[in-house]
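Residues in the sequence shown are numbered consecutively from 732, following the working numbering.
Here a beta-carbon is modelled for each residue, glycine too, at the ideal position from N, C-alpha and C.
A quick note: this is a predicted structure, and the numbers were derived from the prediction, not measured.
Shown next, in structure tokens, is the structure this report addresses.
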Amino acid sequence: MAAAPLGGWAAEPPPGGLANAPVTIERQVFGSGTPGASGQEEAAQVGDTGAYHVPQYLPGYPTAATIWPRAVYVRCKSQRCDGYLITPEMGPGEYLFFIPTEDPK
């Protein structure tokens with residue numbers, strides 16, 4: 732997977748990012764996208780921050796509160812993004828956002 736956790740909330744997309752463009756992300760069994768589904772899922776923009784959100788697998792005991800908002804960078808090509816798996820390094824799964832970065836290849 733192409734996700735790399737960020738230390739905190741990222742307010743701006745990185746250079747080469749797809750700022751506020753419509754994107755889809757690959758669903759992963761223990762990661763991005765609606766659990767139990769396959770294929771691509773359209774992501775929702777989070778304001779004008781350059782970050783996006785999709786439903787995702789929530790390990791442990793998820794809450795309904797925004798406790799640990801974080802973002803990961805995800806590689807994309809033509810507004811189709813790789814998925815990501817939830818790993819212990821990412822911390823709790825609640826409100827994990829992603830920031831698309833255009834793959835130059």
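Put simply, of P786, P753, P831 and S809 the residue whose alpha carbon is nearest the alpha carbon of F761 is P786.
Within the same chain, and ignoring the five residues on either side of A752 in sequence, the residues whose Cβ sits closer than 7 Å to its Cβ are Q810. Counted as a single uninterrupted DSSP element, the beta strand (DSSP E) harbouring L827 occupies residues L827 to E833. In the DSSP annotation of this structure, the continuous segment of the beta strand (DSSP E) that includes E772 starts and ends at Q771 to E773. With respect to the 9 Å criterion, Y815 and S763 are classified as neighbours on the basis of their beta carbons.
With respect to the 9 Å criterion, T832 and Y804 are classified as neighbours on the basis of their beta carbons.
Per DSSP, I817 lies in no beta strand (DSSP E) segment and is marked neither H nor E. In the three-state scheme derived from DSSP, where H, G and I count as helix and E and B as strand, V803 is classed as strand.
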